[in-house]
Structure formats: structure tokens, C-alpha cells
Amino acid sequence: MRNNIREFYFPAAVKEAVGLMTKLKSKAMIVAGGTRPPGDVPSSVETVIDITDLPLRHLQADKGWLRIGALCTLEELEKSALLKSWARGVIAQTAGFGTTALARSMGTVGGNVVRPHPYNNLPPLFLALDALAVCAHDGGEETVPFGDILKPDIMRRFGHSWLLTELRVPAHTKGWAAVSTRLGATKSDWKGYANCVVAADVHGGVCRKAAVAVSAMLPRATRMAKAETLLAGAAADEAAAREAEAAVLVELEALTGKSPAKAHAVRTAGVLARRALLQAFSSGR
Ligand SMILES: Cc1cc2nc3c(=O)[nH]c(=O)nc-3n(C[C@H](O)[C@H](O)[C@H](O)COP(=O)(O)OP(=O)(O)OC[C@H]3O[C@@H](n4cnc5c(N)ncnc54)[C@H](O)[C@@H]3O)c2cc1C
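Just so you know, the sequence shown maps onto residues -14 to 270 in this note's numbering.
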């Protein structure tokens, strides 16, 4: 199908990009790394707003937050020395799951989380790390819990009236024991059965708090509340990991309506959660 694109803009400031987006509405399309374009460019689109010149490529930590600019590529995350030392390197590890060099070198954090395919690797990661999302719009700036941007009504705003500018990960997660796992038919298969990220605050053999986030077999990345409740204050040991696995199974069976088509993925997610917890517990000692 022929498209109707006639103009390209390369805004240099967030305000300019938001202004263009708000003015042109459905006549414009935002592109960051450009690895996840819509299948067919809608015929209403006449303008491409390429945001790669915006100053949103920062990776820095201060007293309160780890700040990740929305235009950082997966490769920049994977190679960052700062991220390799954050929460046992879980952010660098997860970015490295990107299955092709193209997706890692061009794909951005923003593009990965604002229009996420259920298989995308970064949403469960930032959900488990209690991240916040900083979003620019016509009225200024808004900071919302990461989980909110995965909700369809908020997700729809991105690229139309909202621009993601930064993800903020709380500084206290730096010392957490976190592990990211995924299983697909092959290592290069982006559409895996299950992605699971656990992040645990372990001290003196006790798991003070744990986050367990699962994706791939669900429409969007989801925290496993039952498992997290069981883990809070429990001994960081195999028994706790097995109890959490059972709780993940119960929760995922409910969320997938015990669909036979999802049964294998659900079991896989439980096993991944247990293994990730055991690894996190042993690295947190
Ligand atoms: C061959 C191939 C393999 C892939 N493998 C993986 C993989 O293993 N794991 C994985 O997670 N993903 C994978 N992907 C998907 C994709 O590459 C990543 O999700 C990537 O991070 C998308 O980022 P992008 O900058 O290219 O997004 P773009 O294509 O530029 O944008 C995607 C959408 O998000 C909107 N958008 C982008 N940035 C912003 C922003 N800052 N604010 C508001 N809206 C924005 C755009 O309007 C657009 O609609 C793969 C893709 C391909 C083509």
C-alpha cells in the first residue's frame, strides 16, 4: 500500500515535538528507533516526527533515582557500566535479551515500553523495579507509576498527545537482588513462552520485599501479587521459592482462564519465577 507521507520533522526539543504532535494529531506519526512501525502506515499520516535528535539519551544516577532517557537504545543499556552495577545488573541483562543486533542497536527504551508487544522484554523489568514514567504533553509534564502506562487508555496517548521522556528507577533498588529470565522455543525466538523478572530486597537470609513480574502469555506485563505477599518477610530459601511458584501458577491460571493453549506458558512462568528467586536469594546473601 502506498503511504501519504510528505514531510519529515526532526525536532530538537521536547516542547517542539509535543507541539507538533498536538497540532498535527492523526496526520503525524512519531518514530524513535523505527524498529516497530505500524504494519501499514495509516492513510491519514502525512508527517513523520523523528524524535531521535531530542536530548533524551541520558543514563545517570542521583540520590533519589536512576534516570534512563527514553531514547537510550537497548544496546546502550546492555553496555552501560552504571547499569551493570544496578540490582545485580538486571537492566543490562534484560536489554541483552533483544534477539537481533538491529533491535538492540536501534530500538529504544521508549519504543519498547509505550507500544509494547506482550513479548517485549523491558515492561516486566521496569514493573518489577517500581519505576516511574515521566511523560511530556501539551500541559507540561506528568510522572506516573510504570504500571499505569501499560493500561490501554494511557498507552493510547503515547505518540498522539504524550511523549515518554524518562524512566526513573528508585535509588533504593540499586542493592536489590534481581534476575531476569525468559524461555522461548529457541534463544533467538523473540516470541517466548514466558518472561519473568524478580527483584528482591534480601537481608540476613530474609526476603524483606520481593517483586515478581510476568509477561508474554498475558496481554501486558503483570505483577504477581499473591506470590509477593507470601515472599514478604519469608526466609529467603527454596521452600519460599516453591511456595511462590505455586502462587504464580494459581494467579496465572486465573488470569488466563485456565486456557489449555496457555497451560504450558503458565507452567513455564512458574518454573522461571522459582529459579529466578533461588538465584536472587543466593546472590543476595
Ligand atoms: C527483527 C526484530 C526483532 C525484535 N526483537 C525484539 C526482542 O527480542 N525484544 C524486544 O523487546 N523487542 C524486540 N523487537 C521490537 C522492537 O525492536 C523493540 O521493542 C524496540 O525497543 C522498539 O523501539 P523503537 O525505538 O524502534 O520504536 P519505534 O518503532 O520508533 O516506535 C514504536 C512506537 O512507539 C511510539 N514511540 C516511540 N518512542 C516514543 C516516545 N518516547 N514517546 C511516545 N511514543 C513513542 C512510536 O510512535 C511508535 O508508534 C524486535 C523488532 C524487530 C524488527
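Positions of the beta carbon are idealized from the N, C-alpha and C atoms, including for glycine.
- In this structure, tyrosine 178 has its beta carbon at no less than 8 Å from each heavy atom of ligand 1.
- Summarising the contact set, residues whose Cβ lies nearer than 5 Å to any heavy atom of ligand 1 are, in chain order, Ile15, Val16, Ala17, Gly18, Gly19, Thr20, Arg21, Ala55, Gly83, Thr84, Thr85, Ala88, Gly92, Thr93, Gly95, Gly96, Asn97, Val99, Arg100, Asn105, Asn106, Phe143, Gly144, Leu148, Leu149, Trp175.
- Distances from the alpha-carbon of valine 119 to those of Ala156, Arg52, Ala220 put Arg52 closest.
- The beta carbon of glutamate 223 lies closer than 7 Å to those of Leu263 in the same chain, with the five residues before and after it left out.
- For tyrosine -6, the closest C-alpha among the options Ser28, Asp38, Ser11, Leu67 is that of Asp38.
- In chain order, Trp175, Lys176, Gly177, Tyr178 place their CB closer than 8 Å to the CB of glycine 169, counting only its own chain and leaving out the 5 sequence neighbours on each side.
- When DSSP states are grouped into helix, strand and coil, threonine 166 belongs to the strand group.
- Less than 9 Å separates the beta-carbon of aspartate 115 from that of proline 155.
- Of the other Cβ atoms in all chains shown, 16 or more fall within 10 Å of the Cβ of leucine 107; this residue is therefore buried.
- Comparing alpha-carbon positions, the option among Gly92, Met140, Lys12, Thr7 lying closest to arginine -9 turns out to be Lys12.
- Your pair leucine 149 and phenylalanine 111 does not check out as a contact, with CB atoms roughly 11 Å apart and the cut at 8 Å.
- Per DSSP, reduced to three states, the secondary structure at valine 26 is coil, with no helix or strand assignment.
- The Cβ neighbour count for leucine 62, taken over all protein chains shown within 10 Å, is at least 16; the residue is labelled buried.
- According to DSSP, isoleucine 53 shares a beta bridge with Leu44, Leu152.
- Look at methionine 14 here: in three-state DSSP terms it is strand.
- Taking a 10 Å sphere around the C-beta of arginine 73, we find 16 or more other C-beta atoms and assign the residue as buried.
- Straight-line measurement puts the Cα of valine 94 at about 15 Å from the Cα of threonine 85.
- Looking only at Cys181, Gly218, Gly190, the smallest Cα-Cα distance to arginine 208 is reached by Cys181.
- Taken through DSSP and simplified to helix, strand or coil, glutamate 31 comes out as coil.
- Within a 10 Å sphere around the beta-carbon of alanine 184 sit 16 or more other beta-carbons, which makes this residue buried.
- Leaving aside the five residues that flank valine 129 on each side, the residues in its chain whose CB is nearer than 6 Å to its CB run, in chain order, Ala118.
- With a contact defined as Cβ atoms closer than 8 Å, glutamate 230 and valine 256 qualify at about 7 Å.
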